[in-house]
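Just so we're aligned: 92 in numbering that gives the first Met the number 0 is position 93 of the sequence shown, and the numbers increase by one with no gaps anywhere.
This report refers to the structure that appears directly beneath it.
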Amino acid sequence: MENKAAGFRVGLFVLGGLVALLAIIFVLSGSAFQKGLSFETYFAESVQGLDVGTAVKFHGVSIGKITDIGLASAEYRPDNGNDLSQKAYRDIVVRFTIDPKKLGRALDVQDAVKQGLRVQIAPQGITGLAYLELTFINNASAPLSVPWTPKTDVIPSVPSTLTQVQDAIQSFMSQMAHVNLADTVTSLTSLIKGLNQEITTGDAHQTLSRANQLLAALQDQIQQADLPATTKSIRTLADGAQTRQLIANLDRTTAQLAKVTAQMQPLIVSLQATASKADTTTADLNAQMIPILHDLHAASSNLRDVSETLEHNPGSILSGAPPPHATPRGDAAP
Numbered sequence: 000m001e002n003k004a005a006g007f008r009v010g011l012f013v014l015g016g017l018v019a020l021l022a023i024i025f026v027l028s029g030s031a032f033q034k035g036l037s038f039e040t041y042f043a044e045s046v047q048g049l050d051v052g053t054a055v056k057f058h059g060v061s062i063g064k065i066t067d068i069g070l071a072s073a074e075y076r077p078d079n080g081n082d083l084s085q086k087a088y089r090d091i092v093v094r095f096t097i098d099p100k101k102l103g104r105a106l107d108v109q110d111a112v113k114q115g116l117r118v119q120i121a122p123q124g125i126t127g128l129a130y131l132e133l134t135f136i137n138n139a140s141a142p143l144s145v146p147w148t149p150k151t152d153v154i155p156s157v158p159s160t161l162t163q164v165q166d167a168i169q170s171f172m173s174q175m176a177h178v179n180l181a182d183t184v185t186s187l188t189s190l191i192k193g194l195n196q197e198i199t200t201g202d203a204h205q206t207l208s209r210a211n212q213l214l215a216a217l218q219d220q221i222q223q224a225d226l227p228a229t230t231k232s233i234r235t236l237a238d239g240a241q242t243r244q245l246i247a248n249l250d251r252t253t254a255q256l257a258k259v260t261a262q263m264q265p266l267i268v269s270l271q272a273t274a275s276k277a278d279t280t281t282a283d284l285n286a287q288m289i290p291i292l293h294d295l296h297a298a299s300s301n302l303r304d305v306s307e308t309l310e311h312n313p314g315s316i317l318s319g320a321p322p323p324h325a326t327p328r329g330d331a332a333p
């Protein structure tokens, strides 16, 4: 009996220790989980493939987990419980936490959202499972407002790639529904028939026939012109001795011309210096000639006077000065 009682007590002790250990692990894991940053987002599309505990990733790196998924009409009841006319109350609310240790720094949600941070549902291969992907989108549209006060910080969502493809297909099909395919097919058939008739019997046929004739005539002219022989003659002329001699003479002439041009530069400088000296000499000569010219002018004046004197009184050169002018008697004073 005593052995059984001792074994029972040992069993209870071991069981109690296991329960205590599990409780400690649960508390520690729960407290660590609660320290994560909590966020929520809203999806108008299906969240098939997501579940509580699904990973939240940033460019493929796991940084958190989904903690809750529910309907917006249940999470944020409208004032009138039966009024679901507002589209926002038909969205899905997905809450998740992010481990700040995985980020490496504090996350400023508002600034990140302004920079284009968005949440998107991403598929995990072809298994049908999905996860939440955080990514930055260029030129992201402004977040839509909701008619309730969020319980946590909100990171806006964008449609998944599959949803975008489905929306594009639906839009295309909607546009095609307004297209009268029967009339379009009839018009295309008529156009093809018209083109076929034009090519076989119309102006286009005649144009093609003339083009063929022109090409044939051009080919005959090319053959008659004997272009290969002409090309060979030109090549022979270019490679001939006379051509090479002409090129050599031209090179020598060019060299001589360059040499003469180089020699002309000092000559031009010398001519400029000579012209400058000539200008200086001319100025000095003018300065010396001016007094001489004045003297010549005076001498010529004197000669003119002597000449006039000899003309009126030729004997003055021998007798001296001319006699005084006689006054008539009748004019004498009484």
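Yeah, the Cβ is synthetic: ideal placement off N, Cα and C, and Gly gets one too.
- The shortest CA-to-CA distance from G35 to any of K64, G48, S269 is the one to K64.
- The bridge partners DSSP lists for V92 are Y41, G69.
- In terms of Cβ geometry, K56 and Y130 form a close pair [threshold 9 Å].
- Around the beta carbon of F135, fewer than 16 other beta carbons sit within 10 angstroms, so the residue counts as exposed.
- The alpha-carbon separation between Q222 and V184 amounts to approximately 50 Å.
- By the neighbour-count criterion, in which a residue is buried when 16 or more other Cβ atoms sit within 10 angstroms of its Cβ, R243 is exposed.
- Between L49 and V92, the CB-CB gap reaches or exceeds 9 Å.
- In this structure S170 does not touch Y41 by the C-beta definition: roughly 23 Å separates them, more than the 8 Å allowed.
- Here the alpha carbon of V51 sits roughly 7 Å from the alpha carbon of I68.
- In the pairwise beta carbon analysis, the segment 95 to 106 is classified as not touching the segment 69 to 79: fewer than three pairs are separated by under 8 Å.
- Secondary structure note for Q109: its alpha helix (DSSP H) is the uninterrupted segment 108 to 113.
- Looking at A87, L106, T253, L17, the one whose alpha-carbon comes closest to that of S144 is A87.
- Assignment of L49 by DSSP, reduced to helix, strand and coil, places it in the coil class.
- According to DSSP, A121 shares a beta bridge with Y130.
- Shown here, K64 sits in a strand according to DSSP, grouped into three states.
- Here L133 really is in contact with L116; their C-beta atoms are around 7 Å apart, less than 8 Å.
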